[in-house]
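J.: Have a look at the structure that comes next, please.
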Amino acid sequence: SLSIEHIFDKFNGKMIILGDPGSGKTTLLIELAKALILRAKENSQSPVPIILSFSNWATSISSFDTWVIENIYQQYQVSRKIAKDFLYNNQIVLLLRCSQA
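Residue numbers (our numbering): 2 to 102.
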């Protein structure tokens, strides 16, 4: 059985976790985040995982990058400048959640 971290690596950090409500998608996402945090602690070159939810997407924000930076600022209390630097220097890996209404 492969770990979620191994699968994430196999697909170069680009994957979608699908399933019915209650099937464990959020649990799997958190498991992946924990594994990536441990990796980042062991290797300073590894990006730090950031979990963001699309449920607060605002159509008034002009770009995806701006939305990411603003959400990192609001949720993690990281300055917008540092969030922008992290994003543009590939120092974070985005783990995006999609909440059902």
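Using N, Cα and C, we set each Cβ at its ideal position, and we do this for glycine too.
Going by the DSSP bridge assignment, what does residue 51 pair with across the sheet?
T.: Within the sequence shown, residue 51 is the residue found at index 50, counting from 1. DSSP lists 95 as partners of residue 51.
J.: Residue 75: which of 38, 57, 91, 90 sits nearest, CA to CA?
T.: As a position in the sequence shown, residue 75 is number 74, starting the count at 1. Checked all of 38, 57, 91, 90; the closest Cα to residue 75 is 57.
J.: Determine contact between the segment 29-38 and the segment 75-85, defined as no fewer than three beta-carbon pairs at a distance below 8 Å.
T.: no
J.: Taking only the alpha-carbon atoms, compute the straight-line gap between residue 54 and residue 95 and give it to the nearest angstrom.
T.: Translated into the one-based positions of the sequence shown, residue 54 becomes position 53. Translated into the one-based positions of the sequence shown, residue 95 becomes position 94. Their backbone Cα atoms lie some 10 Å apart in a straight line.
J.: Between residue 43 and residue 21, what straight-line distance do the alpha-carbon atoms span, to the nearest angstrom?
T.: Here residue 43 is taken as the residue at index 42 of the sequence shown, counted from 1. Here residue 21 is taken as the residue at index 20 of the sequence shown, counted from 1. Their Cα atoms are separated by approximately 34 Å.
J.: Rounded to the nearest angstrom, what separates residue 7 and residue 63 at their Cα positions?
T.: Looking up residue 7 in the sequence shown gives position 6. Looking up residue 63 in the sequence shown gives position 62. The C-alpha of residue 7 lies about 35 Å from the C-alpha of residue 63.
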